[in-house]
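Listed in order, the protein sequences are those of chains C and L. If you read the first sequence in the working numbering, its first letter stands for residue 1, the second for the next number, and so on. If you read the second sequence in the working numbering, its first letter stands for residue 1001, the second for the next number, and so on. Reading through the structure tokens given below for one structure.
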Amino acid sequence: MSRAALCQDRPLSPGGDFLQRLLKHPGGVAGGVVTLGFLSIALLAPWVSPDDPLAQDLSRRLQGPSRRHLLGTDDFGRDLLSRVIYGARISLSVGFISIGIAVGTGLLLGLTAGVYTTGRWGRWIDQAIMRTSDILLAFPAVLLAIAIVSAFGPGLRNAMLAIAIIYVPRFIRIVRASVLVEKEQTYIEAGRALGVSPRRLLWCHLLPNVISPVIVQATLGLAEAIIEAAALSFLGLGATPPTPEWGAMLAEGRSYLRLAPWVTFFPGLAIFLTVVSFNLLGDGLRDTLDPRLRR
Amino acid sequence: MLQYVIRRTLMLLYVLLGVSLTIFLLMRLIPGDPALVMLGERATAEGIADARRSLGLEQPLAVQYLIYVKHILTGNLGRSLHTHTRVAEELWARFPATIELSLAAICLAGGVGVLAGIMSATRHYSLLDTGFMMLSLAGVSMPIFWLGLVLIWTFALLLGWFPPSGRLDVRIVLDPLTGFYILDSLLTRHWQAFWNALWHLTLPAVTLATVPLAIIARMTRSSLLEVLHQEYILTARSKGLHEWRVVTRHAIRNALIPILTIGGLQFGMLLGGAILTETIFSWPGLGRLLYNAVLSRDYPLVQGGTLLIAATFAVINLAVDLLYMLVNPKIRYE
Chain C
1 MSRAALCQDR PLSPGGDFLQ RLLKHPGGVA GGVVTLGFLS IALLAPWVSP
51 DDPLAQDLSR RLQGPSRRHL LGTDDFGRDL LSRVIYGARI SLSVGFISIG
101 IAVGTGLLLG LTAGVYTTGR WGRWIDQAIM RTSDILLAFP AVLLAIAIVS
151 AFGPGLRNAM LAIAIIYVPR FIRIVRASVL VEKEQTYIEA GRALGVSPRR
201 LLWCHLLPNV ISPVIVQATL GLAEAIIEAA ALSFLGLGAT PPTPEWGAML
251 AEGRSYLRLA PWVTFFPGLA IFLTVVSFNL LGDGLRDTLD PRLRR
Chain L
1001 MLQYVIRRTL MLLYVLLGVS LTIFLLMRLI PGDPALVMLG ERATAEGIAD
1051 ARRSLGLEQP LAVQYLIYVK HILTGNLGRS LHTHTRVAEE LWARFPATIE
1101 LSLAAICLAG GVGVLAGIMS ATRHYSLLDT GFMMLSLAGV SMPIFWLGLV
1151 LIWTFALLLG WFPPSGRLDV RIVLDPLTGF YILDSLLTRH WQAFWNALWH
1201 LTLPAVTLAT VPLAIIARMT RSSLLEVLHQ EYILTARSKG LHEWRVVTRH
1251 AIRNALIPIL TIGGLQFGML LGGAILTETI FSWPGLGRLL YNAVLSRDYP
1301 LVQGGTLLIA ATFAVINLAV DLLYMLVNPK IRYE
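If you want it as structure tokens, here you go:
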């Protein structure tokens, strides 16, 4: 049975005024607008991009920004603006897919660890999940990502997998901690007393109440995941040329830093602005969803 | 207190075992014969047979892991596939460069970050506060590999103020007593080398310090704001103490506890960031060694480097926890 069918009598959103509160947060609004802008550019890339991002024209190599090429051209005479626009597609996809995998796995394992804390098997499951998370958290994130990619082999798919793996423990911890707090609340006790099934209690009552910190962490995690993915590509372990990925473009431009700094500058600026917008949005969501965390 | 120290030290041992198990399993996931992976494609049949025996590849996986741990404990991390030198020696030779860079970065991040946080908190909602917090947002969001390249272009290539790469000019000869060039130059009173090493250290340290600086500034601000609203601060103010004295003598002491934790964790995180910074600035440390090893598929070196960085990270985290206990009486007297 799907969650919607299981929880028919209950509104999915715990508060209707969420959007209104978010709209009153200037940073959140600014972040949301820029994020939407980048998402639109990524989705509409074939229509808004002035050129083919892979089309080479050696007669126009390393040209500075001009009316014909607004951000200049790279070593193969490819239009940088088109590559940055298409790069948004790849970088945002990598961020969304890896964080999506991390959130899904983290939710499942975090809920399991948080719910099953009693009984011999329950304690064993909880301990196994949490101690494995501790070990993964004992690595600096970039180092673990590099170790995973070096074992599985370079490439965008393995980079996404590596990023997902390094973020799973964070979501497990957040979900488990929230479950441990929520399951002691009166509404859960009342649900039990009324004879609500454990499955319904978990999916319809517990999950909506633990999801807020997950959403916040996912938004902030997206920003970090975009940087991690770009870093892996920059090191030659993620996307490979001629893929228009921001980190890979930075690495290509590095060799021409003196001659053509724009080849390095614009892809980096795109990463920076995307990450700033996700961070602003994440801060806004955090303040809106959980005013206790406001700083 | 002693119980806490013992518990944390046991936890460190557990984490180190877990880290070694993760690296061991990751290396076993590489397609192909592990002996061939560890010796490279030019290995002879005899060499492969020796390696299979030494790694215990005929034994069950658990026994193989125990043999691997035994090798680590005896300092036997294998030999580099390319230079054929012992991995432990290679790592040890590069270790001081990474620690020197990380220490410089954390000092910069801690000093400037705490100062910026204090200024922001004491001038809450002012233009200065807004400016600092916008800068800290920019810092937190900064891809350091891009920042490093922008700094190289601006301060090394365009203005020529700093060198774009390396640790020391090739013309300068310095006795490597400890491997920490700043310390070595001070010990040998080689002032030219001291200034030159500092000059080379500036851009990489600034690059590496950016993210932790922004995080420490944010943390200091929020932690100090929380303390400044407490009643004992009101009492201090009502005694007529100067605001600066209230902040430096009374507020910052309590605000420092979370800052110290975050700062310590950031120091550990720097080891990860050092891989990128060292690659950009051709800094001859562990990070760059690991990067080159990954690209050339030098698995013994990758395995050893990952283990050393992760173990250092775990030890730093333990040190931070113990330091936290020393400054936080709540934990000390528990």
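The beta carbon of each residue, even a glycine, is placed where N, CA and C say it ideally should be.
Between the CA atoms of residue j and residue i - distance to the nearest angstrom
| i | j | result |
| --- | --- | --- |
| L:S1223 | C:L136 | 28 Å |
| L:L1187 | L:E1041 | 45 Å |
| C:S40 | C:H25 | 22 Å |
| C:R78 | L:F1194 | 45 Å |
| L:H1034 | L:L1203 | A quick correction: the sequence has Pro, not His, at residue 1034 of chain L. Their Cα atoms are separated by approximately 40 Å. |
| C:I188 | C:V196 | 9 Å |
| L:I1006 | L:N1317 | 15 Å |
| C:G64 | C:G253 | 13 Å |
| C:A193 | C:T219 | 36 Å |
| C:G191 | C:R176 | 20 Å |
| L:M1011 | L:V1206 | 33 Å |
| L:G1110 | C:F38 | 34 Å |
| L:S1020 | C:T118 | 30 Å |
| L:L1137 | L:A1156 | 26 Å |
| C:L71 | L:A1051 | 54 Å |
| L:L1103 | L:L1183 | 12 Å |
| C:G238 | C:R131 | 29 Å |
| L:G1047 | L:D1298 | 17 Å |
| L:A1274 | L:T1235 | 45 Å |
| L:R1382 | C:A55 | Residue 1382 of chain L is absent from the model: chain L starts at 1001 and stops at 1334. |
| C:I99 | C:G221 | 7 Å |
| L:P1176 | L:V1170 | 14 Å |
| C:L289 | C:S212 | 6 Å |
| C:G27 | C:S91 | 23 Å |
| L:L1077 | L:R1086 | 7 Å |
| L:T1306 | L:T1248 | 41 Å |
C-beta contact flag for residue i and residue j at 9 Å
| i | j | result |
| --- | --- | --- |
| L:E1090 | L:T1098 | no |
| C:P46 | C:R83 | no |
| C:D126 | L:V1015 | no |
| C:I146 | C:A162 | yes |
| L:L1260 | L:V1320 | yes |
| L:R1028 | L:Q1059 | no |
| C:S255 | C:D75 | yes |
| L:T1210 | L:G1117 | no |
| C:I226 | C:G95 | yes |
| C:T240 | C:P154 | yes |
| L:L1276 | L:G1148 | yes |
| C:L58 | C:V263 | no |
| L:P1284 | L:M1038 | no |
| L:H1200 | L:P1163 | yes |
Which residues DSSP lists as bridging residue i, in chain order
| i | result |
| --- | --- |
| L:R1086 | L:R1079 |
| L:T1188 | Bridge partners of L:T1188: none, in fact. |
| C:T73 | C:D79 |
Simplified DSSP state of residue i, which is helix, strand or coil
| i | result |
| --- | --- |
| C:D287 | helix |
| C:W262 | helix |
| C:Y256 | coil |
| L:I1030 | coil |
| L:N1328 | coil |
| C:R295 | Only weak support exists for where C:R295 lies, its pLDDT of 44 falling under 50; the value from the coordinates is given anyway. The answer is coil: DSSP assigns C:R295 none of H, G, I, E or B. |
| C:S233 | helix |
| C:F139 | coil |
| L:I1172 | coil |
| C:C204 | helix |
| L:F1180 | coil |
| L:G1113 | helix |
| C:G100 | helix |
| C:M249 | helix |
| L:Y1125 | coil |
| L:C1107 | helix |
| L:K1070 | helix |
Give me the subset of the stretch 1149-1163 of chain L whose CB atoms are less than 8 Å from a CB atom of chain C, sorted by chain position.
L1149, V1150, I1152, W1153, L1157
Closer than 8 Å, Cβ to Cβ, to anything on chain L: give me those residues from the stretch 163-187 of chain C, in chain order.
none
The stretch 1060-1075 of chain L: which residues have C-beta closer than 9 Å to a C-beta of chain C, in chain order?
none
Selection of the stretch 1134-1149 of chain L by Cβ proximity to chain C, strictly under 9 Å:
L1137, A1138, V1140, S1141, M1142, P1143, I1144, F1145, W1146, L1147, L1149
Contacting positions in the stretch 1306-1325 of chain L - beta carbon closer than 8 Å to chain C:
T1306, I1309, A1310, F1313, A1314, N1317
Residues from the stretch 265-286 of chain C in contact with chain L, defined by Cβ distance under 9 Å:
F265, P267, G268, L269, I271, F272, L273, T274, V275, V276, S277, F278, N279, L280, D283
Where the stretch 88-103 of chain C meets chain L: residues whose CB sits under 9 Å from a CB there
none
Contact set between the stretch 1249-1278 of chain L and chain C, restricted to residues whose Cβ is under 8 Å from the partner
G1268, M1269, L1271, G1272, G1273, I1275, L1276
Which residues, taken in chain order from the stretch 105-137 of chain C, show a beta carbon closer than 7 Å to some beta carbon of chain L?
D134, I135
Within 9 Å of chain L by C-beta, residues of the stretch 254-265 of chain C in sequence order:
R254, L257, R258, P261, T264, F265
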